[in-house]
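Peer 1: Each residue of the sequence shown is one higher than the one before, counting from 6 in our numbering. Glycine is no exception: its CB is placed at the ideal position from the N, C-alpha and C atoms. Below is the structure I would like to discuss, written out as structure tokens.
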Amino acid sequence: MWKALLKRFPHRLKPPSEPHPTMTDSFSETQASVLIGTAEKMIEVWNRLSAQKQAALLARFGTQENAIAALVTTHLLQDQDA
6 MWKALLKRFP HRLKPPSEPH PTMTDSFSET QASVLIGTAE KMIEVWNRLS
56 AQKQAALLAR FGTQENAIAA LVTTHLLQDQ DA
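In structure tokens:
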């Protein structure tokens with residue numbers, strides 16, 4: 006199993022060529038606006054789902070936050086493939 010994972014993700018074995026950007030606790034007004042807008046869209050998407058879909062996602066992902074994150078990730082990946 007490990008050999009298959011190493012073949013699939015060899016980049017994980019190499020040190021990054023550039024340092025990772027540092028995390029900060031401060032946001033610019035633009036960043037805050039984008040973050041808030043994104044959160045609002047995520048909530049809108051969740052609220053448009055049927056109760057059955059919400060229940061299925063909660064059963065699979067455990068929390069509303071995890072379920073919404075999965076939806077957003079799936080949507081972003083679909084946009085990249087288009």
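Would you call Ala60 buried or exposed, if buried means 16 or more other Cβ atoms sit within 10 Å of its Cβ?
Peer 2: Flag for Ala60 reads exposed.
Peer 1: Please report the distance separating the alpha-carbon of Leu76 from that of Ala37.
Peer 2: About 22 Å.
Peer 1: Cβ of Ala56 within 8 Å of Cβ of Leu63?
Peer 2: In this structure, Leu63 does not lie closer than 8 Å to Ala56 by Cβ.
Peer 1: Does the ligand FAD have even one heavy atom less than 7 Å from the beta-carbon of Ser38?
Peer 2: This structure lacks the ligand FAD, and indeed carries no ligand of any kind.
Peer 1: What span of residues does the alpha helix (DSSP H) with Thr78 cover, start to end?
Peer 2: Its alpha helix (DSSP H) spans residues 69-86.
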